Amino acid sequence: MDEQAIDEPLVQLLVRANCSLCGPARDVVRRVCDDLGVAWQTRDISEPELAEAASRWSDMVPVVLVGGVPQGFWTIDERRLAHAIRSELGADDPEGGGGSTRRLRA
Numbered sequence: 036m037d038e039q040a041i042d043e044p045l046v047q048l049l050v051r052a053n054c055s056l057c058g059p060a061r062d063v064v065r066r067v068c069d070d071l072g073v074a075w076q077t078r079d080i081s082e083p084e085l086a087e088a089a090s091r092w093s094d095m096v097p098v099v100l101v102g103g104v105p106q107g108f109w110t111i112d113e114r115r116l117a118h119a120i121r122s123e124l125g126a127d128d129p130e131g132g133g134g135s136t137r138r139l140r141a
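The working numbering puts the first residue of the sequence shown at 36, with every later residue one more than the last.
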């Protein structure tokens with residue numbers, strides 16, 4: 036089987052329809068990611084390809100993932116999210132490693 040590289044935004048916000056906390060969470064994620072200049076996306080956990088995520092995080096939506104690691108749920112903390120993104124980007128790394136997207140193999 037051939038491997039295919041897929042670009043995935045560094046930050047993902049998992050949401051669902053009729054979620055009262057998802058709008059405010061989206062506002063926080065948008066503000067932090069815009070300030071830091073990183074790519075992000077919103078994904079609805081009802082999408083068939085997110086069945087595993089739905090079984091894992093359904094009771095915690097909205098959930099924000101940074102580099103695939105959960106960094107907050109229900110009410111997203113702006114400072115914690117910014118710190119997680121900076122850490123993932125290697126902001127404390129003198130070599131300046133990191134980037135705004137991850138390369139995944141499918």
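Heads up, the beta-carbon is just placed ideally off N, CA and C, and yes, glycines get one too.
All of these numbers come straight from a predicted model, not from anything done at the bench.
When DSSP reads this structure, LEU100 sits in a beta bridge with GLN47 and PRO105.
When DSSP states are grouped into helix, strand and coil, ASP79 belongs to the strand group. Of the other Cβ atoms in all chains shown, 16 or more fall within 10 Å of the Cβ of GLN106; this residue is therefore buried. In the structure shown, ALA52 falls within a coil segment according to DSSP collapsed to helix, strand and coil. Secondary structure note for ASP69: its alpha helix (DSSP H) is the uninterrupted segment 57-71. With a contact defined as Cβ atoms closer than 8 Å, LEU48 and PRO83 miss out at about 19 Å. If the five residues before and after CYS57 are omitted, its C-beta is found closer than 6 Å to the C-beta atoms of VAL50 and PRO97, all from its own chain and listed in chain order. Distance from the CA atom of ALA74 to the CA atom of ALA86, rounded to whole angstroms, is 23 Å.
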